[in-house]
Amino acid sequence: MAGNAAAMAFIAVVCAAAMAAVSGAEEVYEFGSGASFIFGDSLVDAGNNNFIPSLSKANMTPNGIDFAASGGMPTGRFTNGRTIADIIGEMLGQTDYSPPFLAPNTTGGALLNGVNYASGGAGILNGTGRIFVNRIGMDLQVDYFNITRKQLDDLLGKAKAKEFLKKNAIFSVTVGSNDFLNNYLMPVLSAGTRKTINRVGENECVKLPNQLASKYNGRLRELLIQLNSELPGFETASMACCGNGGSYDGMVPCGPASSMCSNRKSHVFWDPYHPSEAANLVMAKYIVDGDSKYISPMNLRKLLSL
Ligand SMILES: *[C@@H]1O[C@H](CO)[C@@H](O)[C@H](O)[C@H]1NC(C)=O
Ligand SMILES: *[C@@H]1O[C@H](CO)[C@@H](O)[C@H](O)[C@H]1NC(C)=O
Ligand SMILES: *[C@@H]1O[C@H](CO)[C@@H](O)[C@H](O)[C@H]1NC(C)=O
């Protein structure tokens, strides 16, 4: 890690009612208000998909019901409250959440909080997320960062912009679940096991992606099991809070017609694919201050103190 700038990638896939992935994000000490540049998928999308014709959207109630900054209105975040990236930003002193790149007012001074490029359905591989019709893949997210980079040069001047990025910026990549589903599960589905998948009962975890997911990231799995068994407050890591009726295909997992649990803090999963804010809070703590069992080679606080 050069200077104060830090970067990390944290890729994970997990399964309970279905599956989900988790992230990292970063920040800087001395400036108190760092700029967090967030790349990834629906785990950290803060509203980019509101601006594209995608089937992967969360700008409908009850998503965002616990998001204080919007007064409980949906923002495009695929959870009831803050994402992991939001929480980590707060824990490390970010003054405001990184705004979505595609929001028309993400210009000028707003860029100094960082920018969020994440898009529901996105993956590392370019073809990932095709089933959602549209999404901003990692390729395009990086192109978009280049646009921001130019905007910062215009805003601050070249030398200052460079210093700003070096001292304040942290970059996080939170991606993996869609690549995983598309490129591991999908080929299997089309190879003829579709019936098996369709027969899965509503409260049953899809076995195949489960098995693949647990291999893909044993550590996060461990964490979620621990969430469920050791930490007080959670009642279930298998049932989603919103849309647990079993008829969801994952494209529109939680919406106005979905049922919603009565205690949102008691569910690890908000919808069949995405952790609740309560789970995000616990995971963010592990990422920022956890030991090497959960975050390696070191936790975020340590990384940022280098
Ligand atoms: C941009 O516009 C949205 C929607 O009107 C608003 O919620 C948000 O606070 C604005 N962001 C900034 C940085 O002005
Ligand atoms: C990925 O897709 C975008 C948009 O379709 C395209 O511009 C880009 O060249 C592709 N990248 C690769 C590596 O195929
Ligand atoms: C981003 O900008 C840098 C510097 O201007 C350039 O070298 C790089 O090729 C650009 N990358 C993309 C993906 O456009």
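Read in order, the letters of the sequence shown are residues -25 to -1, 1 to 281 in mature numbering (1 follows the signal peptide of the UniProt record, and there is no 0). Note that beta-carbon positions come from the ideal geometry of N, C-alpha and C, so glycine has one too. Treat the numbers as computed from the prediction; the structure is a model and nothing was measured.
Endpoints, the beta strand (DSSP E) within which residue i is located
i      : result
ILE145 : 144 to 149
Cross-strand partners of residue i (DSSP beta bridge)
i      : result
HIS242 : THR211
SER11  : ILE145
PRO250 : PHE244
MET235 : CYS217
GLU79  : The identity of residue 79 in the sequence shown is Pro, whereas the question assumes Glu. Answer is none; PRO79 lacks a bridge partner.
Test item: CB-CB of residue i and residue j under 9 Å
i      : j      : result
GLY46  : ASN34  : no
ALA259 : ILE40  : no
PHE26  : ASN38  : no
PHE120 : VAL150 : no
PRO250 : LEU18  : yes
ASP246 : SER237 : no
ASN88  : GLY51  : no
Alpha helix (DSSP H) segment containing residue i, residue limits
i      : result
GLY64  : 59 to 66
ASP128 : 113 to 131
ARG276 : 275 to 280
Where residue i falls: helix, strand or coil (DSSP)
i        : result
ASN255   : helix
ASN91    : strand
THR168   : With a pLDDT of 32 at THR168, under the threshold of 50, the modelled position of this residue cannot be trusted, and the question is left open.
ARG43    : At residue 43 the sequence reads Ala, which differs from the Arg that was named. ALA43: helix per DSSP, three-state reduction.
ASN23    : helix
LYS268   : coil
TYR72    : coil
ALA188   : Low confidence applies here, because ALA188 scores a pLDDT of 46, under 50, leaving its location unreliable and the question unanswered by this model.
TYR261   : helix
ALA85    : helix
ALA(-17) : Since pLDDT at ALA(-17) reaches only 28, below the 50 mark, its modelled position is unreliable, and the value read off the structure follows with that caveat. Of the three classes helix, strand and coil, the one that applies to ALA(-17) here is strand, per DSSP.
THR50    : coil
LYS32    : coil
Heavy atom of ligand 5 within 8 Å of residue i beta-carbon
i     : result
SER45 : By its list of ligands, the structure shown excludes ligand 5, since it contains just ligand 1, ligand 2 and ligand 3.
Cutoff 9 Å: residue i Cβ touching any chain D Cβ
i      : result
ALA134 : The chain inventory of the structure shown lacks chain D, comprising one protein chain alone.
The region 82 to 94 touching the region 110 to 123, judged by at least three CB pairs closer than 8 Å: yes
Inter-stretch contact (C-beta, 8 Å, three-pair minimum) for the region 45 to 64 and the region 113 to 128: no
Segment contact, 8 Å Cβ cut-off, at least three pairs: the region 241 to 251 with the region 208 to 218: yes
Cβ contact (3+ pairs, closer than 8 Å) linking the region 70 to 80 and the region 265 to 281: no
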